[in-house]
Amino acid sequence: MSAPKTDIEKQTRRHRAALIGMWVAVGLALGLFVIWLVWVFAYPAPETDARAIEAQGEAEITAPAEPVTPESKADPAPAEQ
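FYI, full-length UniProt numbering numbers position 28 of the sequence shown as 28, with every residue one higher than the one before it.
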């Protein structure tokens with residue numbers, strides 16, 4: 001079912017502020033999207049130097065000579081009397 005009396009011009013006049021607000025919101029969203037795209041492609045991520053990453057990644061690793069196992073951590077069995 002459709003509305004019995006539709007007058008597009010009259011509805012446009014009555015809803016002018018809402019329609020303008022929607023167009024402004026869409027324009028703002030598109031503008032921000034374009035600015036974001038320009039920013040992403042104008043300022044690419046800096047290239048990293050692999051040697052610098054390797055130098056930062058090197059660290060002194062100290063580990064016990066023998067790995068700790070659950071058996072070696074347990075207290076020795078008490079002596080039987």
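Yeah, the Cβ is synthetic: ideal placement off N, Cα and C, and Gly gets one too.
Range of the contiguous alpha helix (DSSP H) that encloses residue i
i, result
"T12", "8-14"
Rounded C-alpha distance that separates residue i from residue j
i, j, result
"A3", "G21", "25 angstroms"
"L37", "T62", "47 angstroms"
"E66", "W39", "54 angstroms"
"E47", "H15", "52 angstroms"
"I35", "W23", "18 angstroms"
"I8", "L19", "13 angstroms"
Contact test: residue i Cβ vs the ligand HEM heavy atom, cutoff 6 angstroms
i, result
"T69", "The ligand HEM is absent from the structure shown, which contains no ligand whatsoever."
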